[in-house]
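2 protein chains.
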Amino acid sequence: MPADLRAALDDYERALAADDLPALDDAFADEPTTLRGDAAGLLVGADAIRAFRGTRGGVAPRTTRRLEARRLADDCWLLVSVHAYDGGGSGLQTQVWRRDPDRWRVVAAHVTGRTRAFDRTVWRTVGDPMYQGAYDGPLRGLRVAVKDVVAVKGYRVGAGNPTWLDGATPERHHAPAVLDLLQGGASVRGIARTDELAYSVAGDNPHHGTPPNGALPGALPGGSTSGPASAVATGQADVGLGTDTAGSLRVPASYQGLWGLRTTHGLVPRQGVLPLAPSFDTVGWLARDGATLERVVRWCLADGDDAAPGDGSTDGSTDGAGTRLVVPVEAVEACDPGTAEAFRAWLRTAAAALPGCTLAEASLGPLDAWAADFRTVQAAEAWRLHGAWVRAHPGALGAAVAGRFATAAQVTPAQERAARERLDGLRARVRALVADAVLVLPTTPGPAPARTLDPAALDAVRAATLRLTAPAAVGRLPALSVPLLTVPSPLGPAPVGVCLVGAPRTDLALVALGRRLAAATAVPARAAAAATAAAAPADRTTTGGPR
Amino acid sequence: MPADLRAALDDYERALAADDLPALDDAFADEPTTLRGDAAGLLVGADAIRAFRGTRGGVAPRTTRRLEARRLADDCWLLVSVHAYDGGGSGLQTQVWRRDPDRWRVVAAHVTGRTRAFDRTVWRTVGDPMYQGAYDGPLRGLRVAVKDVVAVKGYRVGAGNPTWLDGATPERHHAPAVLDLLQGGASVRGIARTDELAYSVAGDNPHHGTPPNGALPGALPGGSTSGPASAVATGQADVGLGTDTAGSLRVPASYQGLWGLRTTHGLVPRQGVLPLAPSFDTVGWLARDGATLERVVRWCLADGDDAAPGDGSTDGSTDGAGTRLVVPVEAVEACDPGTAEAFRAWLRTAAAALPGCTLAEASLGPLDAWAADFRTVQAAEAWRLHGAWVRAHPGALGAAVAGRFATAAQVTPAQERAARERLDGLRARVRALVADAVLVLPTTPGPAPARTLDPAALDAVRAATLRLTAPAAVGRLPALSVPLLTVPSPLGPAPVGVCLVGAPRTDLALVALGRRLAAATAVPARAAAAATAAAAPADRTTTGGPR
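Which chain is which? The protein sequence lines are E and H, in order. Residue 15 in our numbering sits at position 15 of the first sequence, and the numbers go up by one each step. Residue 178 in our numbering sits at position 178 of the second sequence, and the numbers go up by one each step.
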């Protein structure tokens, strides 16, 4: 092993220990072909690696226990090292180093950190299982991640906030929404994280960290059903049980390429579920595929006592033929250009793919105004429910949600009343539209933002998102997000959902329609993967190695 | 990317999907320099990789989502691929391929599988924390893995067996051993796995899998406190709370390079702890370092109501000077040659390092006979406690433990009585030896066996192990395993413990002595690591790359 390579490796370890970002950046080749991968995903290009490193905040103290060096070419070596962490556990690091004119540099790295007991950004507690469901039933084999606002017998509700958790007492009963799943044969895998008091759609949390985006490394997971979404997207659970007030199921579904259903308001009992704004609060589910979601919906919306489909109003027997799809034009205009374009392209395919399916446009009116009124009513209700707690626990909430409550405290009864009256207009409008049609729009105005986004920009994303998510909430309508779009993003190709909004109690029919649209318009996953892989040699092969 | 390399990669993926071992073996260079690493550790050499593959049992179905290829030299390419698993989640694979005369082969691989919610071979359930301890106290910050034979309030005891778990009801109180730790400020991280009914020392479990050995990839973890040991060794917990009847704390400590204390019989209350053989059952702890173990012992053996050292009999104030170390000759002779040699070399250092410390030899008599009598009494007691359950649940136990109970059922009262009488002789003998000395011997006759060991060979290891562990159990004496030896093993350099056995209630003094011996004789970890790393270029660097 060349002495100067050894020195370069030692320098790198020192820079890592000191979190010396300029030195670390300089140790990696400053090229678009440089690679760095770990359990969270693969970063391609020096820029992506730099951005990641800026938010990592250093690595745990470690000592090199073993080093294996292999000469691959005169100017190219493979260094594989095993590290022991001061706090226990070991890690593995594989690096390909290349001799540049001035020094050795890393052109590719693969890192495995020490094994954590579990990811505390995703879960608060997990078990194998935490609760075993019925030994037989249509949901047998499904592992459920329960959002930490829903009562699980024997456990406290933490609501994404440690102070809240400290003041909570163990629940004496499962929430009916949990019990339904257990009775259907699903098991509870664990209690998963939520944004604080479910009052956010970003998925970040200042107390226990931000869960990973299972579809887009480096991106926010979406919230507030953040933990269940990350658990499902990463395969740690099969079903996420969560809530949706302003988009808390639809947004993480859109950001992480999942299926997510906000149910008709009042259809799933909210007993044992921490409320945020009862006029809009709903319970629903996340899944990786439409078939799983449909199993869950069929069971849970069929009174839970048998596996038969529900009554006519929630029956999914329509084949989608003759469905009127109505696009709210303002919603598409509110999207970023890439998402709007991907959505329009998808629409053309969808219209052509379903026989007899018609496509129309409609106006929902001023989305910004609706969203503002929605936020006013949501805030007033949230403050009535939680204001006393917020006031009694100064400093307990993170900055973003604390700010939201501070604003909420200022809403006057007159403002609330006026906003409610205006929302009655929106409700009538959107309900009229879905009386004989299904609204179809992008679930979110764009893909998941980077975890590095600053608070002001994040707040702007939230405002833009509520423009799209508020109408279904105001209409008390079921809304399904289906992972049908792929759009460009600074973090790479990213999923965005297509949202279907239907009449009250058409939840199951919506899922069935979503499955048919997906089957008709989505490139099958395996074919897409094959195409990607086949294209790789031509598209992506570069000689990033020795010159 | 060369077409034949692409074909080789595709062949490899197909072989992986089919778990076609010959094809997989052939895809890797058949050389001692070939590398394969993952979260469990680094395998060096084609033989080690082959052995691992034989026990892996295939990989989960997956699709390649992305492939990055980099030419490193004419005959050497780096291929990095991202996989999506059918069951959700993604994985990352980095491979260095070399063109051999006949075909392309992998010379190095680094694999990251999908993220699991947690390792169910290590834990049954985990939380963040599962139970918060006192907010202040000498054990503050320590995360405890509780062996699944100890009562944790609200949870069932599973005893390493799913049928047992099914029949259990939630515990209404913490075991005192748990409560002590919580009151000292430690938190319960989770309930960790155990060998079935704690009736084994290997650490394997047929129901939920065998926990990893945190010090020696591919090796058994040791048991029956297997899960806590793996959790502590891998940094997923700081303290393991377990039990030791026949070596169940000492053996995993020895196998995984941990500190492990079997306490004086009766010193730690056994309320809320599933018994196996009450004449020998004890409660104790595992830790990665002596300082942590001493914190725990000082607190838990000081009546738990303050942090002061215990009474004189358990005081650790001796500085080790003047200590008489007595080596039971039969114990060393019962070890494998490498372990015996490492132990003797360590003894010479130890004698020289502690001023005034004297070294002597003594005879314990026929270890095989003692161990046989110990097993007879243990079996009789285990059958009295659990025989009815075992009979009522045919097929519930794995083969090894079921066989042990089948044998136990045959023990006659006369045999038990005779064995007890003979053990009285051993007890008197060993107690006389420790009256003014500390027994010192290897904790186990050798390092952790490979996970691939067949049942008959494993049973032989158990028998050989009990020869060394039974005397302290029969004597009802405290016994501390300190990670002081490194011995050769087929899986690489492996830890083996040095066991110190003292008079009753000298538990804390034993830990203090162990720490002084460790400080005087162990190569400090950082220095050892530095030496290893420094030696690497000369010792291990090989040109495994293109010829």
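C-beta atoms are modelled at their ideal positions from N, C-alpha and C, and glycine is treated no differently. Here the structure is a predicted model, which is why all the values come from computation and not from measurement.
Asked                                                                                                                                        : Found
Bridge-paired residues (DSSP) for Ser90 of chain H                                                                                           : H:Ala84
Contacts around Ala277 of chain H, its chain only, beta-carbon distance under 6 Å, and the 5 residues preceding and following it disregarded : Thr245, Gln378, Glu381 and Ala382
Within 8 Å of chain H by C-beta, residues of the segment 228–261 of chain E in sequence order                                                : Ala231, Val232, Ala233, Thr234, Gly235, Gln236, Ala237 and Asp238
Three-state secondary structure (DSSP) of Phe118 of chain H                                                                                  : coil
Start-to-end residues for the alpha helix (DSSP H) that takes in Asp521 of chain H                                                           : Before going further, note that residue 521 of chain H is Thr rather than Asp in the sequence given. That run of the alpha helix (DSSP H) goes Asp507 to Thr521.
Residues in the segment 486–515 of chain E having any Cβ partner in chain H nearer than 7 Å                                                  : none
Contact with chain H by Trp123 of chain E, beta-carbon distance below 8 Å                                                                    : yes
Rounded straight-line distance, which links the Cα of Gly158 of chain E to that of Asp166 of chain E                                         : 8 Å
Uninterrupted alpha helix (DSSP H) stretches inside the segment 393–421 of chain H (no shorter than 4 residues)                              : 399–409
Assigned exposure category for Pro170 of chain H - 16 Cβ within 10 Å defines buried                                                          : exposed
Sequence-distant residues of its chain with Cβ nearer than 7 Å to Leu9 of chain E (five each side left out)                                  : Leu79
Pick from H:Phe405, H:Arg375, H:Ala371 and H:Ala229 that is closest to His386 of chain H, judged by C-alpha positions                        : H:Phe405
Pair within 8 Å by beta-carbon distance, Ala231 of chain E and Val332 of chain E                                                             : no
Arg143 of chain E classed as buried or exposed, judged by whether at least 16 other C-beta atoms fall within 10 angstroms                    : buried
Extent of the continuous alpha helix (DSSP H) run through Cys499 of chain H                                                                  : Premise fails: Cys499 of chain H lies in the beta strand (DSSP E), Ala494 to Val501, not in any alpha helix (DSSP H).
Chain-ordered chain H contacts of Leu42 of chain E [CB-CB under 8 Å]                                                                         : Arg66, Glu68, Val80, Val82 and Leu92
Distance CB(Ala175 of chain E)-CB(Gln271 of chain E) smaller than 8 Å                                                                        : yes
Same chain, Cβ closer than 6 Å to Ala350 of chain E, five either side skipped, listed in chain order                                         : Leu517 and Thr521
Residue from H:Leu72, H:Pro442 and H:Val126 whose Cα sits closest to the Cα of Ala342 of chain H                                             : H:Pro442
Where the beta strand (DSSP E) through Glu361 of chain E begins and ends                                                                     : Thr358 to Ala362
Cβ of Gly37 of chain E within 8 Å of any chain H Cβ                                                                                          : yes
Rounded separation between Leu251 of chain H and Thr444 of chain H - CA only                                                                 : Rather than Leu, the amino acid found at residue 251 of chain H in this sequence is Val. Each residue's Cα considered, the two are about 6 Å apart.
Helix, strand or coil at Tyr135 of chain E according to DSSP, with G and I counted as helix                                                  : coil
Limits of the alpha helix (DSSP H) - the one that Asp166 of chain H falls within                                                             : Pro162 to Gly167
Beta-carbon proximity check, Val329 of chain H vs Glu294 of chain H, cutoff 8 Å                                                              : no
Residue closest to Val44 of chain E, alpha-carbon to alpha-carbon, out of E:Arg53, E:Thr34 and E:Ala233                                      : E:Thr34
Contact under 8 Å by Cβ, Gly223 of chain E with Ser200 of chain E                                                                            : yes
Residue span of the beta strand (DSSP E) that contains Pro328 of chain E, given as start and end                                             : Arg324 to Pro328
Proximity test, Cβ basis, 8 Å: Val283 of chain E and chain H                                                                                 : no
Interface residues of chain E facing Cys300 of chain H [CB-CB closer than 8 Å]                                                               : Per Cβ cutoff of 8 Å: no residues; Cys300 of chain H is ~21 Å from chain E at best.
Inter-residue spacing [alpha-carbon to alpha-carbon] between Asp26 of chain H and Arg50 of chain H                                           : 10 Å
Neighbour-count burial assignment, Glu421 of chain E, 16 or more Cβ in a 10 Å radius                                                         : exposed
Pro524 of chain E at chain H interface by Cβ criterion, 8 Å                                                                                  : Its pLDDT being 49, under 50, Pro524 of chain E is placed unreliably in this model, and the coordinates cannot settle the point.
Anticipated Cβ contact below 8 Å, Gly218 of chain E with Ala450 of chain E, distance rounded                                                 : 6 Å
Any chain E beta carbon closer than 8 Å to His110 of chain H                                                                                 : yes
Closest Cα partner of Thr292 of chain E within the set E:Leu508, E:Arg6, E:Ala69 and E:Ala18                                                 : E:Leu508
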